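With full-length UniProt numbering as the guide, the letters of the sequence shown map in order to residues 1 to 423. Worksheet for the structure shown next.
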Amino acid sequence: MISYRKAWLAKQKSIEKVFGGWKSSYEVLYTWFEAMCQKEPSAAVEFESIIPYAFKHSKPIVQVDSTNLCGKYKGTLLVAVSQDGNQNIVPIAFAIVEVTRDGVGLISNQHDSIKSAIARSNGAWEPPRAFHMFCIRHIASNFLRRFKVPSLQKLVVKIGSSKTMREYNMRYQKLHEQGEIYTEWLDKIPRSQYALAFDEGYRWGCMTTNLVECINSVLKGVRNLPVTALVKETFNRLNELFTRKRAEAEAQMNVGHVFSEFVITKLQAYQRAAGNIQVNCLDMQNEIFEVREIPIGVEYRVNLRQCRCDCGDFQVDRIPCLHVFATCANQHLDWQVYVNEVYRLDEIRKVYRARFRPLGDPTTWPVYQGPRMIPNPTFKRVCIGHPKKPRRCRICGGNGHRCSRCPQDVGSSRGGSVASAPY
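Below is the structure:
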């Protein structure tokens with residue numbers, strides 16, 4: 001039986017044999033990108049690919065996060081993702097950097113430096129072009145770390161997830177009754193940046209940064225490869241993803257479907273429950289109705305012209321809620337006109353319309369005459385035996401501790417954030 005260290009060293013040598021050396025991988029990276037640009041003229045290496053065009057047909061939200069590389073040289077892979085009309089994650093940008101700094105992404109630690117980074121963007125990431133919002137899970141983690149009250153941590157999540165002002169005020173008052181110190185802490189964060197009821201719909205119901213964390217888990221297997229192999233494997237995985245999702249959307253369209261499976265599933269449930277809704281027309285000219293749920297007797301105001309319902313679901317999801325669906329059925333109106341374009345299969349297909357070109361054998365690539373890239377020798381890992389997987393804090397991004405023991409002061413209001421562009 002061989003030792004663990006010998007097995008690990010054998011693995012590293014196998015990786016070098018299959019994917020190339022760690023140092024030489026940096027040297028051929030420019031060559032690989034130049035070959036990609038020759039095969040796909042629409043690609044621009046600054047470094048950007050054809051994927052950002054998918055964002056035009058996705059939900060107008062962006063989430064960004066980082067994941068550490070595990071190879072011979074230290075580094076960080078930054079990933080930006082969005083979401084299509086069928087709740088699928090859409091990768092839109094990647095970057096490999098040696099060191100991460102506060103404020104490099106739209107979804108990052110909630111810190112003063114990110115505000116200064118947004119200010120330096122000359123308005124590119126400020127209202128009305130974009131809106132910066134925070135992950136409720138990170139805010140709740142900060143709250144728990146500060147006050148050590150798990151039951152109230154759940155209440156903070158509920159406050160942020162409230163879809164209506166009535167829900168928000170009721171839950172906020174419950175927190176205030178437990179202690180004024182809790183609401184004073186929460187009041188330091190602008191309501192529009194953490195509460196669904198005050199975000200004006202820009203969040204599209206995304207309360208956490210789970211989207212980008214999911215794509216990080218998908219890319220976890222490539223993090224221990226040399227840099228060019230990492231880029232090539234990411235390229236191949238995106239090709240597989242876009243090809244599969246495009247085929248799925250086209251298959252649904254070929255059988256006559258118009259909307260995504262996510263929308264159809266929701267509306268089928270609403271159709272079954274619409275029989276228990278009583279509808280009264282208050283102002284037909286302005287398309288204002290009052291609905292009552294039977295037998296509980298709860299009443300909601302529906303404004304079809306403004307696409308709003310007192311339940312909050314209509315304006316958050318951009319699809320007819322139960323009360324809107326019942327109103328359309330009662331008034332013989334077409335509910336499809338109230339479904340946002342992003343949920344149409346034709347729009348989802350456009351998200352994945354990018355087609356990746358094969359790069360061919362390296363011997364067919366043009367001779368590269370530009371600058372050579374070399375790894376930073378100061379970032380070479382020096383360790384004995386199998387490298388330990390570092391603990392990485394999801395609050396401050398630092399290594400060596402979990403978020404529950406983050407040394408950062410709660411007063412800095414650290415936490416994940418979500419950036420959203422106006423629809």
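Quick reminder that beta carbons are idealized off the backbone N, C-alpha and C, glycines included. Bear in mind that the values here come from a model prediction, so they are computed numbers and not experimental data.
Inset, instruction - Measuring alpha carbon to alpha carbon, tell me which of R305, V339, Q285, R203 ends up nearest Q63. - result: Counted from its first residue, the sequence shown places residue 63 at position 63. Q63 has its Cα closest to that of R203, out of R305, V339, Q285, R203.
Legend entry - Residues near L345 in its chain [Cβ-Cβ closer than 7 Å; skip 5 each side]: Counted from its first residue, the sequence shown places residue 345 at position 345. These residues qualify, in order along the chain: A249, Q252, M253, H257, V258, F259, S260.
Inset, instruction - Determine contact between the stretch 145-165 and the stretch 190-206, defined as no fewer than three beta-carbon pairs at a distance below 8 Å. - result: yes
Inset, instruction - State the DSSP-derived secondary structure class of D80, mapped to helix, strand or coil. - result: Position 80 of the sequence shown, counting from 1, holds the residue named residue 80. With the sequence shown as reference, residue 80 is identified as Ala, and Asp is not the correct amino acid for it. Strand at A80.
Inset, instruction - For chain C, find out if any of its Cβ atoms is closer than 8 Å to the Cβ of T327; answer yes or no. - result: Among the protein chains of the structure shown there is no chain C, as only one such chain exists.
Legend entry - Cutoff 7 Å; reference H323; Cβ partners in own chain excluding five residues on either side: Counting from 1 along the sequence shown, the entry for residue 323 is found at position 323. Excluding residues within five positions, the ones whose Cβ falls inside 7 Å are I277, V291, Y300, V302, C309, C311.
Legend entry - Per DSSP, the bridge partner or partners of N68: Here residue 68 corresponds to residue number 68 of the sequence shown, with the count starting at 1. Looking at the DSSP assignment, N68 forms a beta bridge with T76.
Inset, instruction - Alpha carbon to alpha carbon, how far is S66 from residue 427? Give it in angstroms, no decimals. - result: This structure gives no information on residue 427, because the portion of the chain shown stretches from 1 to 423.
Legend entry - Proximity below 8 Å, CB of V263 to CB of V316: Mapped onto the sequence shown, residue 263 falls at position 263. Mapped onto the sequence shown, residue 316 falls at position 316. In this structure, V316 does not lie closer than 8 Å to V263 by Cβ.
Legend entry - Of the residues R305, P358, Y343, the one placed nearest V351, counting alpha carbons only: Here the question's residue 351 lines up with position 351 in the sequence shown. Closest by alpha carbon: Y343.
Legend entry - Bridge partner(s) assigned by DSSP for Q63: Along the sequence shown, read from residue 1 onward, the residue named residue 63 stands at position 63. In the DSSP output, where bridge partners are listed per residue, Q63 has V81.
Legend entry - Cα-Cα separation, A95 to K232: For the purposes of this step, residue 95 is taken as residue 95 along the sequence shown, with counting starting at 1. For the purposes of this step, residue 232 is taken as residue 232 along the sequence shown, with counting starting at 1. Straight-line Cα distance between these residues: approximately 13 Å.
Inset, instruction - Sort A247, N224, L219 by Cα distance to N236 and report the nearest one. - result: Your numbering for residue 236 matches position 236 in the sequence shown. That would be L219, whose Cα lies nearest to the Cα of N236.
Legend entry - Coil, strand or helix - M133 by DSSP: Position 133 of the sequence shown, counting from 1, holds the residue named residue 133. Note: M133 maps to strand in three-state DSSP.
Inset, instruction - Would you give the residue range spanned by the beta strand (DSSP E) that V302 belongs to? - result: The residue you call residue 302 lines up with position 302 of the sequence shown. Element bounds for V302: 299-303.
Legend entry - For V279, the first and last residue of its enclosing beta strand (DSSP E): In the sequence shown, counting from the first residue as 1, residue 279 sits at position 279. V279 -> beta strand (DSSP E) spans 277-283.
Legend entry - CB of V326 within 8 Å of CB of V279, strictly: Numbered from its first residue, the sequence shown carries residue 326 at position 326. Numbered from its first residue, the sequence shown carries residue 279 at position 279. Sequence check: residue 326 is Ala here, not Val. Their beta carbons are under 8 Å apart, which means A326 touches V279 by this criterion.
Legend entry - Local Cβ density within 10 Å of N169, reported as buried at 16 or more and exposed below that: By one-based count along the sequence shown, residue 169 stands at place 169. It is exposed - the Cβ of N169 has fewer than 16 other Cβ atoms within 10 Å.
Legend entry - Delimiting residues of the beta strand (DSSP E) encompassing R292: Here residue 292 refers to the residue found at position 292 of the sequence shown. Taken as a continuous stretch (DSSP letters only), the beta strand (DSSP E) holding R292 covers 288-293.
Inset, instruction - State the CB to CB distance for the pair A54 and A354, rounded to an integer number of angstroms; the pair is presumed to be in contact (CB under 8 Å). - result: Counted from its first residue, the sequence shown places residue 54 at position 54. Counted from its first residue, the sequence shown places residue 354 at position 354. Rounded, the Cβ-Cβ distance is 6 Å, consistent with contact.
Inset, instruction - Let me know the alpha helix (DSSP H) ranges lying completely inside the stretch 161-236, each 4 residues or longer, listed in chain order. - result: 165-178, 180-187, 210-218
Legend entry - Neighbour-count burial assignment, L211, 16 or more Cβ in a 10 Å radius: Locating residue 211 in the sequence shown gives position 211, where the first residue counts as 1. Buried, since its Cβ has 16 or more Cβ neighbours within 10 Å.
Inset, instruction - Following the continuous alpha helix (DSSP H) through Q271, name the residue where it begins and the one where it ends. - result: Sequence index remark: in the sequence shown, residue 271 carries index 271 (1-based). Element bounds for Q271: 261-273.
Legend entry - Local conformation of R146 per DSSP, three classes: Your numbering for residue 146 matches position 146 in the sequence shown. R146: helix per DSSP, three-state reduction.
Inset, instruction - Can you grab the Cα-Cα spacing for the pair P358 / K13, in whole Å? - result: Stepping through the sequence shown from its first residue, residue 358 is reached at position 358. Stepping through the sequence shown from its first residue, residue 13 is reached at position 13. Their Cα atoms are separated by approximately 28 Å.
Legend entry - Own chain partners of F356 with C-beta closer than 6 Å, once the 5 adjacent residues on each side are dropped: Sequence index remark: in the sequence shown, residue 356 carries index 356 (1-based). The residues are N239.
Inset, instruction - Locate the alpha helix (DSSP H) running through C328, then write down its first and last residues. - result: Here residue 328 refers to the residue found at position 328 of the sequence shown. 322-331 is the span of the alpha helix (DSSP H), which, as asked, contains C328.
Inset, instruction - Identify which residue in K154, E200, G179 has its Cα closest to the Cα of I136. - result: Within the sequence shown, residue 136 is the residue found at index 136, counting from 1. The residue with the shortest Cα to Cα distance from I136 is K154.
Inset, instruction - Find out if the Cβ-Cβ distance for the pair Q178, L152 is shorter than 8 Å. - result: To locate residue 178, count along the sequence shown from 1; it is residue 178. To locate residue 152, count along the sequence shown from 1; it is residue 152. Their beta carbons are under 8 Å apart, which means Q178 touches L152 by this criterion.
Legend entry - Bounding residues of the alpha helix (DSSP H) (the contiguous stretch that carries F356): Mapped onto the sequence shown, residue 356 falls at position 356. Unbroken run through F356: none, as it is neither H nor E.
Inset, instruction - Could you tell me if M1 is buried or exposed, where buried requires 16 or more neighbouring beta carbons within 10 angstroms of its beta carbon? - result: Against the sequence shown, residue 1 aligns to sequence position 1. Exposed, since its Cβ has fewer than 16 Cβ neighbours within 10 Å.
Inset, instruction - Note down the Cα distance separating S3 from K11, rounded to an integer number of angstroms. - result: Your numbering for residue 3 matches position 3 in the sequence shown. Your numbering for residue 11 matches position 11 in the sequence shown. Using only the alpha carbons, I get a separation of about 13 Å.
Legend entry - Segment limits, alpha helix (DSSP H) that includes F314: Against the sequence shown, residue 314 aligns to sequence position 314. Element bounds for F314: 313-317.
Inset, instruction - Express the C-alpha separation of F131 and Y182 in angstroms, rounding to a whole number. - result: Here residue 182 is taken as the residue at index 182 of the sequence shown, counted from 1. Here residue 131 is taken as the residue at index 131 of the sequence shown, counted from 1. Their Cα atoms are separated by approximately 26 Å.
Legend entry - I2 in three-state terms, based on DSSP: Sequence index remark: in the sequence shown, residue 2 carries index 2 (1-based). Coil, per DSSP.
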